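In my numbering, the protein residues as written are 19 to 172.
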């Protein structure tokens, strides 16, 4: 019989490959796919937070912009919200240290944007799209970007 202490460790070991495999089977849409994003968001809302991040490629109109960049443990970030339709908006996190862009804010309320990045869902109130810069890693193979009114920032 397995002890209670070993069972959670075993579950964590078995669960990690499942989360990683879900991410590796996913692919970055070649064009804006707000319907995919809305479906992914609804799935997360029904199932709750997971450790799986998903590639997303969305388009929409900027509805709000944080006028000041914020410093976090991973550098300077700019934040804005995009309306993706059906009454849904999503927070966009731009890693300013990683992007070749002018001083923040380089996006304004009303701008049309295209965003490619990593969708994270920690809870209903803590979700967004980050990794909107050109870099990749072992755990995240897709380069991101933000296009504002036709001008692309990576």
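Beta carbons: idealized from backbone N, C-alpha and C, even for Gly.
It should be emphasised that the depicted structure is a prediction, and the values quoted were computed from it without experimental measurement.
Residue closest to residue i, alpha-carbon to alpha-carbon, out of the options
| i | options | result |
| --- | --- | --- |
| residue 61 | 142, 80 and 170 | 142 |
| residue 104 | 116, 53, 86 and 115 | 53 |
| residue 82 | 157, 50, 108 and 114 | 108 |
| residue 129 | 49, 148, 120 and 98 | 98 |
| residue 73 | 170, 157 and 119 | 157 |
| residue 134 | 115, 118, 160 and 124 | 160 |
| residue 110 | 168, 48, 78 and 66 | 78 |
Cross-strand partners of residue i (DSSP beta bridge)
| i | result |
| --- | --- |
| residue 90 | 93 |
| residue 141 | 144 |
Buried or exposed by the 16-neighbour rule on C-beta atoms within 10 Å, applied to residue i
| i | result |
| --- | --- |
| residue 196 | Absent from the structure is residue 196, since the part of the chain shown begins at 19 and ends at 172. |
| residue 39 | Only weak support is given to the placement of residue 39: the predicted model assigns it a pLDDT of 41, under 50, and the value that follows is read from those uncertain coordinates. By the 10 Å Cβ count, residue 39 comes out exposed. |
| residue 171 | buried |
| residue 100 | buried |
Beta-carbon gap between residue i and residue j smaller than 8 Å
| i | j | result |
| --- | --- | --- |
| residue 112 | residue 165 | no |
| residue 75 | residue 117 | no |
| residue 55 | residue 102 | yes |
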